[in-house]
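Structure, as structure tokens:
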Amino acid sequence: MIAFFIYTNAPAQDYGDAYVSGSIADARTLVPILAADSASSEICSMIFNGLVKYDKDVSLVGDLAESWEIQDDGLQIVFHLRKNVSWHDGAPFTAGDVEFTYSKLIDPGVKTPYSGDFERVESFEIIDDHTVKVKYKEPFAPGLSSWGMPIMPRHLLEKEDLNSTPFSRRPVGTGPYIFRSWTAQEKIELISNHAYFEKRPYIDRTISRVIPDEATMFLELQTRGIDSCGLTPLQYLRQTDTAFFRKNYRKFNLPNFSYIYLGYNLSNPLFSDKRIRQAFNYAVNKKEVIDMVLLGLGRQLTGPFIPDSWAYNREVKEAAFDQARARQLLKDAGWADSNTDGWLEKEGKVFEFTIITNQGNQERIKVAEIIQRQLRDVGVKVKIKVVEWSVFLTEFINKKDFEAVLLGWSLSRDPDNFDIFHSSKTREGEFNFVGYRNQQVDDLLVEARRVFNQEKRRSYYHQIHQIIYDDQPYMFLYAPDNLSILNARFNGVKPAPLGIGYNFIDWWVKKQEQRYNRISQK
Amino acid sequence: MGRYIIRRLVGIIPLLLGITILSFFMIHLAPGKPSVLQESMNPKISMEVRNRLEKLYGLDKPLPVQYLLWLQRLLRLDFGRSLGDDRLVIEKISERIPVTLTINILSMVVLFLIAVPLGIQCAVKAGTFFDHSVTILLFLLFAAPTFWLALLLMQFFGITLGWLPISGLKSLDYEYFTWWQKIGDLSRHLFLPVVVSAVGSLAGVSRYMRSNMIETLQQPYIYTARAKGLPERAVIYKHALRNAILPIVTIIGLSIPGLLGGSVIFESIFALPGIGRLFYEAVMMRDYPLIMAEVVLGAVLTMAGNLMADIAYAYVDPRIRYKK
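As structure tokens, then:
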């Protein structure tokens, strides 16, 4: 009776078919701790698992670790690992693999960019085959999420030089998909892992095709050569608004873990007065920026966290667009249009500065142009300079040779932004390149890293948010929406704050709608 | 003759050295750093880590030392490893060569198969409506930007008609095809890229052909042939063509070094893994070993081409051979 009930209510999910995605660039390496580009990381996330992962609501849950305990006021974390997990080659997964991955992350000879968080570990101890203990020099809350780092198999890599191992082009992991083939600059194919510890994924195969041109990518959608890709606001609103797309595709509009800002060089006397930064914040209409640049598909924000994050302080109200108020604040700071030529002056000098941004991003250039026009309305002269990315970073940002910079931050899921706002991070090449210094924020940033209790951390981050908004080291502009499209034959897709890919192993396609069964049946 | 070749070969060495020194320093002194060291401003990648990476890649040494190390490796034909993914540079380049070479050869064949007859017809019918309309059409094609033409053709043949695949080299189930299906699949994928890459040069070659033909047709021996009462076909294709086509053969010879050259825009639009994109991406990422390997490859090919041309001239013209 019960069996019958389940049978009639839950549609039987079919196995089979393939999911074909388009990627602008080819992966570089599938050694997960070396993979710094998004194409590589995406493939690695299908093949490997970390000890922890984020669930659909962006909270940490166990992955290869069944559970964990935080001991000694956060100085120690004990991970209890899943038993009966095996590598794709059949070897069992044990604590030794975790220790091996950790030892490679802190090995100075390994070209990994991710060593930072792991250098805070004082000792790593294997308690038994399925328990490990990590001891920190001091409590480090973001450390927990750093154990989402994919774990690599010791038995295959122990004798290899990780930087040049052939493993990077035929990896072996514990994840839901098994590496099958990689044709450079063409495609990477994975097949489903029937023995995956959660369950066998329904989709038999994933193929990631390299299509470097965005226009081609969009044409491929129309021939159904790919099943999904990201969309621009124009594509999302207009170009996919046809009968064909409505019938064959589903569109998604999800939060993005990034935001765009205008950063001021605070060591420049032009911007050292807080009133000036606040005046600019009143003078620029962010709503108009979002409407013009993103066709409305973005959100205003007031602080250095993503609006959906628990760290984001919703009580901080965004300043209204008020150019009269902006002019008043500028006047209080000594800037007035004394010769009525339309530009503000102080001691005979016109208020004039340059915004720099990177080449190849039309969106940012448009934002800069809108800011330029809106600041002109309050009498401030803005110039725009666009520089190639690598030169932009080495010659302008790292050397702090700029007045104002238009940039974006892609943030990790953990809200810790010590590296961006702490006053110790202002040396050449570090990320507080605007030179923000506030003792109160410094203390709060340090404290917020030391506690694991989310309620407490939340209150620290809410205070940081409030103070930073008041100080305006950045003019916070917007968080763009993450727009994507997916072939409608995939069932089981449940959009959540984390995106759509988090439950990929639950996706499935009805037998009669499957498109790539010749491949699947092999 | 042998001595001449040896002398020329010895002369190549300082030239190659000069090219590598100049390009090595230019590339390294250009602002910017390899993107493995910069990546996309990830706050999780600290400055200490980036400095350590710089050391691991040997980029912290003084430039002349870096150059000598590079040269030392080059003498053993070791081009080093790419900074992007630590793969052997030589491997990365050689896996791109077949695609670029195939497309370039095919498009050259298509180019000459169309341009030569077209040029002849225009010459024969010089000044007629046919000649003028072909001329206008060819110049329009010549002026049309490649990417625009490519996208239009992709839209038309790929989406409106649905006859051809849009991008890539092979279908996703290629490996399960029979031998004949594979050939068919490859040709369908190669059709648009080959046509688009041939179209741009159509105007040039057919104009050459046309003017050579017009010139030849005014030669006295053509009058003689006609006076003899030979049919017009025989006059044009048997007598005139042989002389008129000679300069075209020279053009083919000149395009040989270019067979290994790729185009970024074109390869990106059709998602083809060719040499052009490899080089472009290497420059954007400041992947020094890869850039240098491509520079050396280009220099050697060009010099080999020149040498071959010179040897051919020397063979024909003894004055060059014996000059002290």
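Same order as they appear, the protein sequences are chains A and B. Each residue of the first sequence is one higher than the one before, counting from 1 in the numbering used here. Each residue of the second sequence is one higher than the one before, counting from 1001 in the numbering used here. The C-beta atom is built at its ideal place from N, Cα and C for all residues, glycine as well.
Rounded to the nearest whole angstrom, the CA to CA distance from B:LEU1056 to B:LEU1029 is 20 Å. Sixteen is the threshold: when 16 or more other Cβ atoms of the shown chains lie within 10 Å of the Cβ of A:SER168, as they do, the residue is buried. Contact annotation: the region 1112-1127 of chain B touches the region 1205-1224 of chain B, with at least three C-beta pairs closer than 8 Å. Considering only A:ASN281, A:ASP291, A:MET217, A:ALA91, the residue with the shortest C-alpha distance to B:PRO1165 is A:MET217.
Within the region 201-227 of chain A, contact with chain B at the beta-carbon level (separation under 9 Å) is assigned to ILE207, ARG209, VAL210, ILE211, PRO212, ASP213, ALA215, THR216, MET217, LEU219, GLU220, GLN222, THR223, GLY225. Contact with chain B is found for A:PRO113, since one of that chain's Cβ atoms lies less than 8 Å from the residue's Cβ. With a threshold of 16 other beta carbon atoms within 10 Å, B:GLN1072 falls short and is exposed. In this structure, the CA atom of B:SER1263 is about 25 Å from the CA atom of A:SER21.
A buried status is given to A:THR240, since no fewer than 16 other beta-carbon atoms sit within 10 Å of its beta-carbon. Counting C-beta pairs closer than 8 Å gives fewer than three between the region 486-500 of chain A and the region 458-465 of chain A, which falls short of the contact rule. Against chain B, the CB of A:ALA184 has a partner CB under 8 Å away; the residue lies at that interface. With respect to the C-alpha of A:SER267, the residue from A:ILE290, A:VAL434, A:LYS346 having the closest C-alpha is A:VAL434.
Taking the Cα of A:SER423 as reference, the smallest distance to any Cα among A:GLN439, A:LEU411, A:PRO415, A:SER410 is reached at A:GLN439.
A direct Cα-Cα distance of roughly 41 Å separates A:ASP213 from A:ARG120.
For B:PHE1279, the closest of B:TYR1221, B:ILE1093, B:LEU1083 by C-alpha to C-alpha distance is B:ILE1093.
Apart from the 5 residues on each side of it in sequence, A:GLY298 sits with its Cβ closer than 7 Å to the Cβ of ILE290, TYR478, ALA479, PRO480, ASP481 in its chain, given in chain order.
A:PRO108 belongs to the set of residues whose beta carbon lies under 8 Å from a beta carbon in chain B. B:ARG1226: member of the alpha helix (DSSP H) spanning 1220-1227, first to last residue.
Distance from the Cα of B:GLU1048 is smallest, within the candidate group A:SER103, A:LYS111, A:LEU144, for A:LYS111. In chain A, no part has a C-beta under 8 Å from the C-beta of B:GLN1218; the shortest such distance is about 48 Å. Chain-ordered listing is empty here: chain B has no CB closer than 7 Å to the CB of A:GLU363, the nearest sitting near 15 Å. Taking 8 Å as the cut-off between beta carbons, none of the residues of the region 243-256 of chain A comes near chain B.
Bridge pairing for A:ALA479: A:ARG299 [DSSP].
Within chain B, the residues MET1047, ARG1050 have their CB atoms less than 7 Å from the CB of A:GLY429, given in chain order. Listed in chain order, the positions of the region 115-126 of chain A with a beta carbon within less than 8 Å of a beta carbon of chain B are SER115, GLY116, ASP117.
Per DSSP, B:LEU1083 lies in no beta strand (DSSP E) and is assigned neither H nor E.
In the same chain as A:GLU189, and ignoring 5 residues on each side of it, the C-beta atoms closer than 6 Å to its own belong to ARG180, SER181, ILE207, in chain order.
Taking a Cβ-Cβ threshold of 7 Å, the residues of chain B close to A:VAL391 are PRO1031, GLY1032, in chain order. A:LEU407: member of the beta strand (DSSP E) spanning 404-410, first to last residue. Closer than 9 Å at the C-beta level to chain A, one finds these residues of the region 1265-1299 of chain B: ILE1265, GLU1267, SER1268, ILE1269, PHE1270, ALA1271, LEU1272, PRO1273, GLY1274, ARG1277, LEU1278, GLU1281, MET1284, MET1285, ARG1286. If you look at A:THR357, you'll find it in the beta strand (DSSP E) that goes 352-358. Around the beta carbon of A:ASN453, a 10 Å sphere encloses fewer than 16 other beta carbons of the protein chains shown; the residue is thus reported as exposed. By the CB criterion at 8 Å, B:ALA1282 and B:ILE1291 fall inside the cutoff.
Shown here for A:ASP332: same chain residues with a beta carbon closer than 8 Å to its own, the five before and five after excluded, namely ARG275 in chain order. The continuous alpha helix (DSSP H) containing A:HIS462 extends over residues 454-471. For chain A, the residues of the region 1075-1086 of chain B that bring a beta carbon within less than 8 Å of one of its beta carbons are ARG1081, GLY1084, ASP1085, ASP1086, in chain order.
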